[in-house]
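In our numbering, the protein residues as written are 535 to 780. Where is the CB? At the ideal position from N, CA and C, for every residue including glycine. Step one of this worksheet: look at the structure below.
Here is the structure:
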């Protein structure tokens with residue numbers, strides 16, 4: 535797809551950080567952007583910014599750790615905007631805890647935001663995308679999607695699960711012209727979550743997440759005839775690397 539103008543993007547975690555940057559990049563392409571986040575106050579500000587750009591942003595406050603709330607949010611998107619061209623599931627929660635410290639409730643909360651929400655959102659748009667002739671789904675992964683890290687007892691398996699779901703759906707999506715990919719920040723990025731978890735050395739090198747957004751615009755244009763089943767590392771110079779995981 536050469537032009538995204540008039541198409542629909544769903545972006546989770548859109549209130550701040552990378553999700554905010556992705557949402558604004560999609561709006562700059564002329565897309566209607568459904569903005570999903572638990573921070574409803576900030577979402578209103580993002581929607582106002584998009585309107586000032588001449589765009590169309592739909593703020594939806596949602597707790598992505600809650601299955602019913604997540605389903606209701608994506609149902610609202612489908613009812614108001616119709617079938618999305620792209621679903622970008624960026625939202626995540628990383629709170630470092632040891633195995634001795636973490637509770638089952640805390641583990642479920644983090645896993646649900648990452649993996650349960652990915653399933654519910656993707657399930658909701660899957661049939662509409664098939665009926666529309668194709669689409670693109672993008673999950674945010676990270677180094678935690680393929681490496682192990684101390685005290686990431688929930689985040690680590692959540693991101694590994696995201697990559698597993700991506701591989702499965704990329705294979706299934708081939709017959710329906712749906713591209714499914716995972717994307718990782720290919721550079722340290724300045725976000726609220728990074729601020730809580732990065733070392734001081736990493737913070738010396740972090741960059742504005744807006745610099746990474748060209749990769750996400752590119753992925754929004756994909757269907758199964760293009761890039762699918764890949765882990766895409768977005769670089770600060772606007773380029774990206776893609777590794778075929780199938």
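Taking DSSP as the reference, what is the three-state secondary structure of residue i?
i           : result
residue 572 : coil
residue 719 : strand
residue 762 : coil
residue 767 : strand
residue 686 : strand
residue 676 : coil
residue 591 : strand
residue 603 : helix
residue 597 : coil
residue 775 : strand
residue 553 : helix
residue 610 : helix
residue 747 : helix
residue 668 : coil
Would you check if the distance between the CB atom of residue i and the CB atom of residue j is smaller than 8 Å?
i           : j           : result
residue 552 : residue 743 : yes
residue 564 : residue 595 : no
residue 582 : residue 636 : no
residue 546 : residue 625 : yes
residue 679 : residue 665 : no
residue 580 : residue 554 : yes
residue 720 : residue 754 : no
residue 568 : residue 611 : yes
residue 780 : residue 705 : yes
residue 671 : residue 601 : no
residue 544 : residue 598 : no
residue 711 : residue 757 : yes
residue 750 : residue 559 : yes
Compare the Cα-Cα distances from residue i to each of the options and report the closest residue.
i           : options               : result
residue 746 : 539, 556, 604 and 675 : 556
residue 613 : 690, 757 and 542      : 542
residue 777 : 619, 718, 584 and 577 : 718
residue 646 : 588, 780, 590 and 603 : 603
residue 535 : 669, 766 and 704      : 669
residue 577 : 591, 586 and 566      : 591
residue 618 : 659, 708, 539 and 766 : 659
residue 760 : 766, 641, 773 and 713 : 713
residue 701 : 656, 693 and 764      : 764
residue 615 : 662, 694 and 537      : 662
Would you kindly work out how many angstroms separate the C-alpha atoms of residue i and residue j, rounded to a whole number?
i           : j           : result
residue 633 : residue 649 : 20 Å
residue 715 : residue 643 : 24 Å
residue 752 : residue 608 : 23 Å
residue 676 : residue 588 : 33 Å
residue 627 : residue 686 : 11 Å
residue 585 : residue 549 : 15 Å
residue 762 : residue 639 : 34 Å
residue 630 : residue 691 : 13 Å
residue 540 : residue 684 : 44 Å
residue 667 : residue 682 : 38 Å
residue 606 : residue 707 : 24 Å
residue 741 : residue 766 : 18 Å
residue 674 : residue 623 : 6 Å
residue 641 : residue 656 : 22 Å
residue 733 : residue 709 : 44 Å
residue 538 : residue 570 : 20 Å
residue 722 : residue 775 : 15 Å
residue 694 : residue 566 : 30 Å
Segments of 3+ residues assigned as beta strand (DSSP E) that fall wholly inside the segment 616-656: The segment 616-656 contains these whole beta strand (DSSP E) runs: 620-623.
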